[in-house]
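*Asks:*
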Amino acid sequence: KAAAPASSMSRRSWMRSSIRVLSKSDVAKLSREELMDSLFRTLDARKQGALDAAGMLRYAKLAGFPGDEADWAGEFEEMCEEYGWNKKAGISRSQFEAFVNSDDDNTDDELRE
Numbered sequence: 677k678a679a680a681p682a683s684s685m686s687r688r689s690w691m692r693s694s695i696r697v698l699s700k701s702d703v704a705k706l707s708r709e710e711l712m713d714s715l716f717r718t719l720d721a722r723k724q725g726a727l728d729a730a731g732m733l734r735y736a737k738l739a740g741f742p743g744d745e746a747d748w749a750g751e752f753e754e755m756c757e758e759y760g761w762n763k764k765a766g767i768s769r770s771q772f773e774a775f776v777n778s779d780d781d782n783t784d785d786e787l788r789e
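Dropping the structure here:
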């Protein structure tokens, strides 16, 4: 299933445009593809090649999600349903990239912050 349209992202009140994951000095000249790879690898703490609920929670917290793990469980369940993600298999890099790119506010410069 394809990523939800950008309008779905606007319903996620916890999303914000500034995402702080990577050192500015390390990513100043990275392409968007390299930024996505670095971000995905950083979030994939278990090195599974897919993001589980915990990996996506790390991203959500960086993007402004205000809730705790219990709140996230419900949010993640809804997102898996909405985006057609298999929560047991995890979110692939391509699914994650489509998700991040579905929010027009996530420019390269904002990903670098």
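Note that the sequence shown covers residues 677 to 789 in my numbering. Ideal Cβ positions, reconstructed from N, Cα and C, are used throughout, including at glycine.
Among the residues of its own chain, which have a CB less than 6 Å from the CB of Val-776, if the five just before and after it don't count?
*Replies:* Looking up residue 776 in the sequence shown gives position 100. These residues qualify, in order along the chain: Asn-782.
*Asks:* Drop a sphere of 10 angstroms on the beta-carbon of Glu-753, count the other beta-carbons inside from all chains shown, and report buried for 16 or more, exposed for fewer.
*Replies:* For the purposes of this step, residue 753 is taken as the residue at position 77 of the sequence shown. Its Cβ having fewer than 16 others within 10 Å, Glu-753 is exposed.
*Asks:* Which one of Arg-769, Ala-774, Ser-778, Arg-708 has the shortest CA to CA distance from Gly-731?
*Replies:* Taking the first residue of the sequence shown as 1, we reach residue 731 at position 55. Closest by alpha carbon: Arg-769.
*Asks:* Let me know the secondary structure DSSP gives Arg-692 once reduced to three states.
*Replies:* Residue numbering aside, residue 692 sits at position 16 when the sequence shown is read from its first letter. With a pLDDT of 45 at Arg-692, under the threshold of 50, the modelled position of this residue cannot be trusted; read the value that follows with caution. Arg-692 falls in the coil class under three-state DSSP.
*Asks:* Taking only runs that begin and end inside the segment 726-781, name each unbroken beta strand (DSSP E) of 3 or more residues, in chain order.
*Replies:* The segment 726-781 contains no whole beta strand (DSSP E) run of 3 or more residues.
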